[in-house]
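For reference, the structure discussed in these notes is given below.
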Amino acid sequence: MSLFGHSLAAPYALDALEGAERVRFERHLKGCARCAAEVRALSEDAVRLARSTAAPAPPALRERVLAAVRTIAQEPAPARGPVP
Numbered sequence: 000m001s002l003f004g005h006s007l008a009a010p011y012a013l014d015a016l017e018g019a020e021r022v023r024f025e026r027h028l029k030g031c032a033r034c035a036a037e038v039r040a041l042s043e044d045a046v047r048l049a050r051s052t053a054a055p056a057p058p059a060l061r062e063r064v065l066a067a068v069r070t071i072a073q074e075p076a077p078a079r080g081p082v083p
């Protein structure tokens with residue numbers, strides 16, 4: 000795997016390469032089994048992430064976060080002059 004191939008495997012797997020860069024990388028993939036395997040693995044990971052769902056936060060988490068925020072001293076908003 001070349002540095003060129005490795006650096007473009009993730010953007011290619013996410014369909015983020017365009018034009019000449021995409022064509023050049025696809026040409027590289029034909030001759031580089033390691034990059035092709037990396038693209039396959041990254042593509043599979045992207046599919047799994049897209050299909051996953053976020054786990055709901057524990058009910059007490061909101062209250063703990065809000066309680067922690069309340070303990071932080073708040074700075075007053077800067078004074079502003081009249082708006083023209």
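Read in numbering that gives the first Met the number 0, the sequence shown has 41 at position 42, and its numbers run on one by one without any break. A virtual CB, placed ideally from N, CA and C, is assigned to each residue, including glycine. Since we're looking at a predicted model, the values are computed, not measured.
Extent of the continuous alpha helix (DSSP H) run through residue i
{"i": "glycine 80", "result": "Segment: none, glycine 80 is in no alpha helix (DSSP H) and carries neither H nor E."}
{"i": "proline 58", "result": "58-69"}
CB-CB length for residue i against residue j, believed under 8 Å
{"i": "leucine 41", "j": "alanine 9", "result": "6 Å"}
{"i": "phenylalanine 24", "j": "leucine 13", "result": "With 8 Å as the limit, phenylalanine 24 and leucine 13 do not qualify as a contact, their Cβ atoms being about 12 Å apart."}
{"i": "alanine 19", "j": "leucine 28", "result": "15 Å between Cβ atoms; not a contact."}
{"i": "valine 38", "j": "tyrosine 11", "result": "6 Å"}
Helix, strand or coil at residue i [DSSP, three-state]
{"i": "alanine 45", "result": "helix"}
Complete alpha helix (DSSP H) runs within the region 2-43 (minimum length 4 residues, chain order): 2-12, 18-30
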